[in-house]
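Structure first, then comments.
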Amino acid sequence: MREYTTPAVTELPPDTRLTDTVFTRAAEEPDAVMFRRLENGQWRDVTCAEFHRDVMGIAKALIAKGVEHGDRVALMSRTRYEWTVIDYAIWTVGGVSVPIFDSSSEEQVQWILGDSGSKAVFVETADHAARVRAVSEQLPDLGEIWQIESDDLAALTAAGSDVADSAVEERRAATGLDDLATLIYTSGTTGMPKGCELTQRNLAFDVMSVNSGPMHEVFTLEGRSTLLFLPLAHSLARIIQIGCVETKTVMGHFPSTGPELLEALASFQPLFLLAVPRVFEKVYNKAEQKAVSEGKGAIFQKAAETAIAYSRALDTGKVGFGLRLRHFLFSKLVYRKILAAVGGRAKYAVSGGSALGERLGHFFRGIGLTIMEGYGLTETSAPTTANSPAANRIGTVGRPIPGTSIRIAEDGEVLTKGDNVMRGYWNNPEATKEAFTEDGWYRTGDLGALDDDGFLRITGRKKEIIVTAGGKNVAPAVIEDRIRGHAIVSQCMVVGDNRKFVSALITIDPEAFEFWKKQHNKTGTIAELVDDPDLRATVQKAVDDGNRAVSRAESVRKFAILPVDFTEAGGQMTASLKLKRHVIAKQFSAEIDALYAD
Numbered sequence: 001m002r003e004y005t006t007p008a009v010t011e012l013p014p015d016t017r018l019t020d021t022v023f024t025r026a027a028e029e030p031d032a033v034m035f036r037r038l039e040n041g042q043w044r045d046v047t048c049a050e051f052h053r054d055v056m057g058i059a060k061a062l063i064a065k066g067v068e069h070g071d072r073v074a075l076m077s078r079t080r081y082e083w084t085v086i087d088y089a090i091w092t093v094g095g096v097s098v099p100i101f102d103s104s105s106e107e108q109v110q111w112i113l114g115d116s117g118s119k120a121v122f123v124e125t126a127d128h129a130a131r132v133r134a135v136s137e138q139l140p141d142l143g144e145i146w147q148i149e150s151d152d153l154a155a156l157t158a159a160g161s162d163v164a165d166s167a168v169e170e171r172r173a174a175t176g177l178d179d180l181a182t183l184i185y186t187s188g189t190t191g192m193p194k195g196c197e198l199t200q201r202n203l204a205f206d207v208m209s210v211n212s213g214p215m216h217e218v219f220t221l222e223g224r225s226t227l228l229f230l231p232l233a234h235s236l237a238r239i240i241q242i243g244c245v246e247t248k249t250v251m252g253h254f255p256s257t258g259p260e261l262l263e264a265l266a267s268f269q270p271l272f273l274l275a276v277p278r279v280f281e282k283v284y285n286k287a288e289q290k291a292v293s294e295g296k297g298a299i300f301q302k303a304a305e306t307a308i309a310y311s312r313a314l315d316t317g318k319v320g321f322g323l324r325l326r327h328f329l330f331s332k333l334v335y336r337k338i339l340a341a342v343g344g345r346a347k348y349a350v351s352g353g354s355a356l357g358e359r360l361g362h363f364f365r366g367i368g369l370t371i372m373e374g375y376g377l378t379e380t381s382a383p384t385t386a387n388s389p390a391a392n393r394i395g396t397v398g399r400p401i402p403g404t405s406i407r408i409a410e411d412g413e414v415l416t417k418g419d420n421v422m423r424g425y426w427n428n429p430e431a432t433k434e435a436f437t438e439d440g441w442y443r444t445g446d447l448g449a450l451d452d453d454g455f456l457r458i459t460g461r462k463k464e465i466i467v468t469a470g471g472k473n474v475a476p477a478v479i480e481d482r483i484r485g486h487a488i489v490s491q492c493m494v495v496g497d498n499r500k501f502v503s504a505l506i507t508i509d510p511e512a513f514e515f516w517k518k519q520h521n522k523t524g525t526i527a528e529l530v531d532d533p534d535l536r537a538t539v540q541k542a543v544d545d546g547n548r549a550v551s552r553a554e555s556v557r558k559f560a561i562l563p564v565d566f567t568e569a570g571g572q573m574t575a576s577l578k579l580k581r582h583v584i585a586k587q588f589s590a591e592i593d594a595l596y597a598d
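Using UniProt numbering, the first residue of the sequence shown is number 1, and each one after it goes up by one.
In structure tokens form, the structure reads like this:
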């Protein structure tokens, strides 16, 4: 199949505004719980009336400070309650939110603030403020800097206390569907980040289509709630934020995906999750490591095999008696404990950002947590395809969301069309023109295929295609994702352009490495053990597993274990955790050359 369209389920009312629900709920159900905030180790309910009050306070302050309709206001912070308040306050006065990842460097901060022409910026910490001030002389449009972790918000709110409610409502009512809502900058894997112009229509349409389509069952669950821990500077997290507001889903904020996240999930007990594949990999790996350390590794392995077999059998509609019996037994002994690690109540999860892998997808569905993969880009307001609980084809990223279309070009590139697609790149008409076909389809840059039922499978990225010396085209994503799924592996980058065969640079997961050392009676750092035969044998198993997913010509023949991990701080990763391949190839050119020295 070359093209598939999912018809719209409902139409977007022409007078829709992203802020409508905030004001309507505050008037109609002021005491209903809208958010939960973590304060002194406890989750405190935030009502619709409280959220509305907080949004109004910042909105009035923005008016008092001279923020006009269409002005850009930047926001640099980790995921927290204030992020959402400020975002909605900017929209309330007709402004444009410009998210900046909290980990951004001074150079990145300068580029985004300067290119967007941001008039003011909210930052979370003193360190963030220092990064902005360090480049402020090069930013003639930038006015004030307000710090969340200080007295700035209280003082700012006080400054707007004389602004009338009617003035806020007048500004809010003046906002239309085709007004710009946000500029979200791309991760910049191949150059300077580009600002994606997303309108009120783009975001509202995407949320409406997702909520009325693939996520309808999730967003109508009784007692629905989620803990948002991905950066709100990321478009997918932003859509979930709006989706929760629109569907009366209680949302909590958490600023990290580190080890402390599991404790937060256990206390919050969300009914569904949003995460990247790495989070699910860590949940699986920690459960496996714990079982091995307790001498129950064989039991865990059998339980995992049973979960995967059970999930695969669900696809056929034929679950044998023996399999049902084993599944019931392991549900009591193993699965219940794994689910407890994410709060114990979660039934569904949404995964995006990269491929989850069929094995993990079947494993989690088999233990009772259905993970639905979706696909989209910043340019498409995040989701443009998604699986659903009722139609979850593991290994694919689902069908187009209602009201959108997917087309596969002659060269395999995925093209898309719908009201969720950006109107263009800010201050960059040339890039905008290149991004669309003559008949208006957006060029995603990804390679994929549609099956007979309209489910999309992503197979790689056009710009990442490796052409070996023998002329074989290799899409690295498939094997990289498979290798990266192994517990010991943190990151993997396939190389081999104009070389005789394919090789890989592999980094080691620090947490898994400590566990591995105990199991193998080893001492030393990763850098000291990169050539250790036992470590290489462990990594070789991950490579062998990856090679089973591809042809021999695409398989990894050699690999190098690197002494350091790929990180954003090291320049090898973007803020959204994508590999900067050209940077890695340059930094580790000696290691790559060594792989082909013989």
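For glycine and all other residues, C-beta sits at the position ideal for the given N, C-alpha and C. All figures in this text were calculated on a predicted structure; none of them were measured in a lab.
Scanning its chain for C-beta atoms nearer than 6 angstroms, with the 5 sequence neighbours on each side dropped, one finds around G143 the residues K119, A120, in chain order.
Fewer than three pairs of CB atoms, one per stretch, sit closer than 8 angstroms, so the region 230-241 makes no contact with the region 17-37. In the structure shown, Q572 adopts coil according to DSSP, grouped into three states. Of the residues A303, M56, A475, I100, the one whose Cα lies closest to the Cα of G496 is A475. In the DSSP secondary-structure assignment, F455 is not bridged to any residue.
Scanning its chain for C-beta atoms nearer than 6 angstroms, with the 5 sequence neighbours on each side dropped, one finds around S311 the residues H362, R365, G366, in chain order. Boundaries of the beta strand (DSSP E) harbouring F559: 556-561, taken from the DSSP string. In the three-state reduction of the DSSP assignment, F254 falls in the coil class, being assigned neither a helical nor a strand state. The region 537-555 and the region 589-597 do not touch, with fewer than 3 CB-CB distances between them shorter than 8 angstroms. Closest in C-alpha terms to F515, from the list A504, M493, V489, V494, comes V489. Residue pairing from DSSP leaves V543 without any beta-bridge partner. A residue is called buried when at least 16 other Cβ atoms come within 10 angstroms of its Cβ; R278 meets this threshold and is buried. In the three-state reduction of the DSSP assignment, E197 falls in the strand class. Excluding five sequence positions before and after R171, the CB atoms of its chain that fall closer than 6 angstroms to its own CB belong to V93, G94, given in chain order. In chain order, T6, P7, A8, V9, S209, S212, G213 place their CB closer than 7 angstroms to the CB of P402, counting only its own chain and leaving out the 5 sequence neighbours on each side. A contact between stretches requires three or more CB pairs, one per stretch, nearer than 8 angstroms, and the region 462-470 fails this requirement with the region 508-522. Annotated as proximal: A291 and F300, with beta-carbon spacing under 8 angstroms. Leaving aside the five residues that flank D206 on each side, the residues in its chain whose CB is nearer than 7 angstroms to its CB run, in chain order, I239, S381, A382, P383, N420. According to the DSSP assignment, Y185 belongs to the beta strand (DSSP E) that extends over 180-185.
If you draw a straight line from the Cα of A569 to the Cα of L529, it comes to about 23 angstroms. Counting C-beta pairs closer than 8 angstroms gives three or more between the region 52-66 and the region 155-170, which meets the contact rule. Using a C-beta cut-off of 8 angstroms, the region 339-358 makes contact with the region 269-283, since at least three inter-stretch Cβ pairs fall below that distance. Leaving aside the five residues that flank N427 on each side, the residues in its chain whose CB is nearer than 8 angstroms to its CB run, in chain order, D115, G195. Minimum Cα-Cα distance from M1 among the listed residues I408, Q289, E480, S503 corresponds to I408. At the C-beta level, W43 and S187 stay beyond 8 angstroms of one another.
When DSSP states are grouped into helix, strand and coil, V350 belongs to the strand group.
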